[in-house]
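Protein chains in written order, with our numbering: chain A, 2 to 187; chain B, 212 to 726; chain C, 13 to 352. Idealized CB from N, CA, C, for every residue including glycine.
So, in structure tokens, the structure goes:
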């Protein structure tokens, strides 16, 4: 019996040392899962998920504080990708945080009304607004992500959200209808 | 005689070709207006090079792009540009695109041709002429021809293949071209040989086209070429696809992610060849092509040489109009890979090899009920790309796009063999096309979001830096102030500069009052 | 004209599920007629009963699942499954046995997995195995062919037994173990194969009557191959494996191990090779995979027959191989065009 106790204790000790060594030797700096989650988020920094941007939301997901279905700009595709990455269940988009727009919106400044106050420039998270104090402001359409963070600061409410034009190159083939759905009409 | 190889899979299909071969090659009359889309090739849109109201001559460049001048659009006839606007185009989406509208004046006056001394032109100069003629691959892929030739010349071409196979049912434009314009095709083969210097040349024609083979053989005896043979190949769909044709003629497979010219093989469609001859010999740009008008709903099917931009309605009229009623569909292309058009106002473009005018019953408008997959693997038997269509179907249906790519979704040539044999009538190709669209859209979105992240992170850094600089400046100022206030050797504290300034102002005011 | 939702291709080759299933039924006819010729009308009653019950079960389940009933019933997949199931049963079985078996076939073997195309296990084999394990007495009561027993059951007598449980008067004369069963028990008792073969139950190569039925299954199988309803990989691999294994052991010791022809012509090997193992839904899907699948079933059949607990091992072999199909498919993916 003592032989058994001794053997098991010895094995426990050896494995414990190996684990301890591995924990130090192979330690990964930072939290790579946060980067991976952040890579899947749409980077609009809009805050609709109730976090201060995409990276804080990614960190919250990594910590298990937030569910994966709070990002309206990402939509169901992002939820599916996150579920696949984290090996969790696919949820439906939480409608409390907003709805997913199929056609993204772009901000457009009404130049007749703009007073050149630069408040929207300071608000834009991707520096998509061009302008300076007392100069005309304009949104660079290619850089605008449709986050709408420029709307609240504008004192004269001169920014409109306009649906982007879907060109012929944006068209997608539609998948065939699921046989089960078709069957119910048949 | 060349020893031929087999492709994997493939199908023997009913050709439906006889009806459109009865009347030879007809010349289409000019319509009243021509509609030229700004983009008729693989690549970005061209920009208009002429203005509304301008009179243009036949062969004049009306749209081009500085980045890729080799796919320019030329005016097919003389006339006045009446509009540059959105108009329905030949695209599966049925959407509109920017087109240049020419009101035809009927004179058909051409730009003065500059005839080149072909014997003394270098290959590079010949490629330049082909470039300026706006020639693209007329087999359906509409890839600009001159960059392909330049690249081929650089890589070195061992075998030139002239593709007269035309394997898809209903399409007969290449057959007719070879029967009636064989000499043009043969001369183009000669020009291509002088540009690329291949060791051998094969002119591949399916064996269901004996008249075309005879015509081409006769043209070849009249205009002999070195190391060139006409190679009839068995009639199996899709032998005409570049990858499959390469495999049939040489037994080699084009490796993943590469094209035929990467392994020393150069394929050119016979229609493109005829266009090359016209460009080199007559300085005529690509302004017309042979179009097959066929189907079970057209009165007199046939082949017409039509100017680009001709509305299909004009050609339907030339072909005797609808046999039944106009409620059916128009399909551009053949019955295996074609796509339905939004209406008969759509104009002919460089890619329009065939227009099928079909009855409503023959082409369904809405997807019917289909059975479930029974895993019979008939699709796997017929796939020429040796894929597993069944696995692609399961994963595309489940939207597991990463898995579809593991099964090589983008190697699918969308030939349609799998859908044709499926006993459950599953629309397989539509699943693959939808999956490919979704993957491309997701890649675009990913690119955009990565870019937005970079901008956001840069902005954060910029603001951080500004904050640091502000703090640094403030710190330095504070230190400077402290130094000033406590200068060594001076017991008396410095006069408060603000107070001193206020005193100065008061004193000046007093002085002003006293004055 | 509206834009079309449906993409090309706009042609089909005319294949439908119904046509496929009808070809299978045509191929089953010669063997079924031979079966009835040798063993009486019992098998026909079983088939009719099984088919009717299968269609009823399928209609019921489809209604419960809110799916359209007629398109699914008319693709004849239930008919084929029921026919194959009925052929596995002894010729005279009580009606409730068929009911339970078909119930498991259609419900547990097919629809609980999602219906046609989704079941991993061969439904007919699922039903048969459930019966074999749950009702061993009824399922192991086999009968002699009329040429051996000299007795036949009339249609009314067969119906009476099936539906009313009436005693079969000729029971003593008729009932007997199958040739495979006889071989298994006799060999276990130490009797040599040569002596076993002298029994009147044995014909030229296999069991009397059974060998002819196997021949007609083979003809049906050739019909399936000729009409390209099935491909050659599974039958050739399966029969090849049975042939190879039985040949090896027969050459080693012909007294204890029966000849290859006996194995091929007895039991459900031929019908299994062409009709049961080739069920597309549950078989491997790649060509190489199918060969491995067939080889696996063939080896398992022989192993179960000789060293296992049952006289015939086709059903269990098929079910065991069904379990291996996803693995086989994963490791036998063909080379794609352009890949090294």
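How far does the alpha helix (DSSP H) with residue 336 of chain C in it reach, from first residue to last?
326-343
Could you compute how far the alpha carbon of residue 389 of chain B sits from the alpha carbon of residue 212 of chain B?
21 Å
If contacts are defined as beta-carbon pairs under 8 Å, then residue 552 of chain B and residue 383 of chain B qualify, I think. What distance do you get, rounded to the angstrom?
Between residue 383 of chain B and residue 552 of chain B the Cβ distance is about 19 Å, and since that is not below 8 Å, they are no contact.
Flag residue 450 of chain B as yes if its beta-carbon sits less than 7 Å from any beta-carbon of chain C, otherwise no.
no
Below 7 Å between beta carbons: does that hold for residue 157 of chain A and residue 116 of chain A?
yes
To which residues does DSSP link residue 162 of chain A through a beta bridge?
A:108
Going by the DSSP bridge assignment, what does residue 479 of chain B pair with across the sheet?
B:373
DSSP state of residue 583 of chain B, grouped into three classes?
coil
Since residue 440 of chain B sits in a beta bridge, which residues does DSSP pair it with?
B:413
For residue 402 of chain B, which residues from the same chain have a beta carbon less than 8 Å from its beta carbon, with the 5 sequence-adjacent residues on both sides left out?
329, 337, 487, 488 and 491
Taking Cβ positions only, does residue 385 of chain B come closer than 7 Å to chain A?
no
On the three-state DSSP scale, how would you describe residue 513 of chain B?
strand
Relative to the alpha-carbon of residue 348 of chain C, which residue among B:282, B:448 and B:220 has its alpha-carbon at the smallest distance?
B:220
Check the Cβ-Cβ distances between residue 522 of chain B and every residue of chain C, and say whether any is below 7 Å.
no
Kindly give me the distance between the Cβ atoms of residue 278 of chain C and residue 218 of chain C, rounded to whole angstroms, as I take these residues to be in contact under 8 Å.
5 Å
With 7 Å set as the bound, which would you pick, yes or no: does the beta-carbon of residue 681 of chain B sit closer than that to a beta-carbon of chain A?
no
Taking all protein chains shown into account, decide if residue 212 of chain C is buried (16 or more other Cβ within 10 angstroms of its Cβ) or exposed.
exposed
Classify residue 234 of chain C: buried if its beta carbon has 16 or more other beta carbons within 10 angstroms, exposed otherwise.
exposed
Pick from B:531, B:370, B:545 and B:350: whose alpha carbon is nearest that of residue 405 of chain B?
B:370
Closest residue to residue 317 of chain B among B:287, B:412 and B:299 (Cα-Cα distance)
B:287
Give me the subset of the segment 149-172 of chain A whose CB atoms are less than 7 Å from a CB atom of chain B, sorted by chain position.
169 and 172
Give me whichever residues DSSP pairs with residue 154 of chain A in a beta bridge.
BP columns for residue 154 of chain A are empty, so no partner.
With hydrogens ignored, establish whether the beta-carbon of residue 53 of chain A is closer than 6 Å to any heavy atom of the ligand GTP.
This structure does not include the ligand GTP; it has no bound ligands of any sort.
Quick check on the DSSP output: the beta strand (DSSP E) that includes residue 501 of chain B runs from which residue to which?
499-505
Residue-chain proximity (residue 652 of chain B, chain A), Cβ-Cβ < 7 Å
yes
Among A:139, A:163 and A:39, the one whose alpha carbon lies nearest that of residue 657 of chain B
A:39
Backbone CA spacing between residue 447 of chain B and residue 246 of chain B [nearest angstrom]:
36 Å
Suppose you measure from the CA of residue 514 of chain B to the CA of residue 497 of chain B; what does that come to, to the nearest Å?
18 Å
Alpha helix (DSSP H) segment containing residue 79 of chain A, residue limits:
76-87
May I ask you to report which of helix, strand or coil DSSP gives residue 404 of chain B?
helix
Once the 5 residues before and after residue 70 of chain C are set aside, which same chain residues still bring their CB inside 7 Å of it?
84, 85, 90 and 118
So who's on the other strand from residue 309 of chain B, going by DSSP bridges?
B:297
Whole angstroms is fine: what's the gap from residue 342 of chain B's alpha carbon to residue 280 of chain B's?
7 Å
Is the Cβ-Cβ distance between residue 326 of chain C and residue 313 of chain C less than 7 Å?
yes
Please work out which residues of its chain come closer than 7 Å, Cβ to Cβ, to residue 13 of chain C, disregarding the five sequence neighbours upstream and downstream, and give them in chain order.
Caution is warranted here: a pLDDT of 34 is assigned to residue 13 of chain C, below 50, making its placement in the model unreliable, and the coordinate value is therefore given only provisionally. Same-chain partners within the cutoff: there are none.
Please confirm if residue 121 of chain C has its CB atom under 7 Å from at least one CB of chain B.
no
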